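One structure is given below, encoded as structure tokens.
Next up, the structure:
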């Protein structure tokens, strides 16, 4: 009975992750194009946007959508779901050999531990919090929403990951002679570091899809943290790939479901206002004259 329930939970999340998985290089824009400037007269002003208003309610709705996703599959979902499922099965079948290869050729325990530190929940949560506080301080709606949606994706991913860890009961590579058998005892599958860092990185990458340095930098950081769990022999490759797919799938799902499109329209975003406690910070940079600076303005 336990194994049957565990497999049901695993398949549900696998289908969800597969249906939301896509080639990163091809997925360069949000699901819907920004609202045209000509139609902003009837749009809700960006100054009234409160992304944190329904935070708890959104998480509850997200979880419902994630665990019931197999019932809403359509034909195009199989484009990514089938290759992802087959690839995961192949990785699981070869996990013992790929893990042993790292053991024979020497892992990178010290470096891997230092890099994987960035995948801890309190670090990724701190990144989300930093975006949110910076958005509040500078009246930047995009940064504010990034912080809220990243935190939402982080919590959603954490719930899914912990449920699967408890259900699959897979030991880590340095236990059980590296067999990695499921439904024994352990918490290796999927990788929590990979899922959490990918959930936050994906939200950041989608929010700043028009800034290549931020977008690809977020993905590069997520890849580095994920692979450090393999080189440090903390996880099998399948643990990492599935964890990464879950984080990416949840992050993209949260962004597409809760992103406010008016934020992408410059005409809908109000000019920054000043307060008694927080000034408006206006940077200045003239590339031609090679000068830079800034100004602060308060309202009393």
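In this note's numbering, the protein residues as written are 825 to 1124.
Each residue gets a CB set at the ideal place from its N, CA and C atoms; glycine is no exception.
Since the model is a prediction, treat every value here as computed from it, not as a measurement.
Item, Value
"Given residue 948 as reference, the closest of 920, 1075 and 1011 once Cα atoms are compared", "1075"
"Same chain, Cβ closer than 6 Å to residue 936, five either side skipped, listed in chain order", "1052, 1055 and 1056"
"Cβ distance (whole Å) where residue 959 is taken to contact residue 1018 below 8 Å", "Not a contact, Cβ separation roughly 27 Å."
"N-terminal and C-terminal residue of the alpha helix (DSSP H) that residue 1058 is part of", "No alpha helix (DSSP H) holds residue 1058; DSSP gives it neither H nor E."
"Buried or exposed (CB count within 10 angstroms, at least 16 for buried), residue 899", "exposed"
"Buried versus exposed call for residue 986 [16 or more other C-beta atoms within 10 Å across all chains shown]", "exposed"
"Neighbour-count burial assignment, residue 849, 16 or more Cβ in a 10 Å radius", "Legend: pLDDT at residue 849 = 39, less than 50; position of this residue unreliable, value from coordinates given subsequently. Counting Cβ neighbours within 10 Å, residue 849 comes out exposed, since fewer than 16 surround it."
"For residue 963, three-class secondary structure by DSSP", "coil"
"Chain-order list of residues whose beta-carbon lies under 6 Å from that of residue 1078 (same chain, five-residue window excluded)", "973, 976 and 977"
"CB contact flag (residue 882, residue 1083, <8 Å)", "no"
"Local Cβ density within 10 Å of residue 877, reported as buried at 16 or more and exposed below that", "exposed"
"Whole-angstrom distance between residue 1062 and residue 915, CA atom to CA atom", "5 Å"
"For residue 1075, the three-state DSSP class (helix, strand or coil)", "helix"
"Contacting residues, own chain, Cβ-Cβ under 6 Å from residue 967 (five flanking each side not counted)", "955, 958 and 959"
"At least 3 beta-carbon pairs within less than 8 Å: the region 980-994 vs the region 1011-1031", "yes"
"Backbone secondary structure at residue 944 - three-state DSSP", "coil"
"Residue from 971, 1046 and 965 whose Cα sits closest to the Cα of residue 950", "971"
"Whole-angstrom distance between residue 1026 and residue 1125, CA atom to CA atom", "With the chain running from 825 to 1124 in the structure shown, residue 1125 is simply not present."
"Presumed contact (8 Å Cβ cut-off) between residue 1050 and residue 1064, rounded CB distance", "5 Å"
"Nearest residue (CA-CA) to residue 796, options 1058, 901, 1059 and 1024", "Nothing in the structure corresponds to residue 796, since the chain is present only between 825 and 1124."
"Residue 1080 versus residue 1001 - alpha carbon distance", "42 Å"
"Simplified DSSP state of residue 1042, which is helix, strand or coil", "helix"
"Heavy atom of the ligand FAD within 7 Å of residue 1076 beta-carbon", "Although the ligand FAD was asked about, the structure shown includes no ligands whatsoever."
"Under the three-state DSSP convention, the category residue 950 falls into", "helix"
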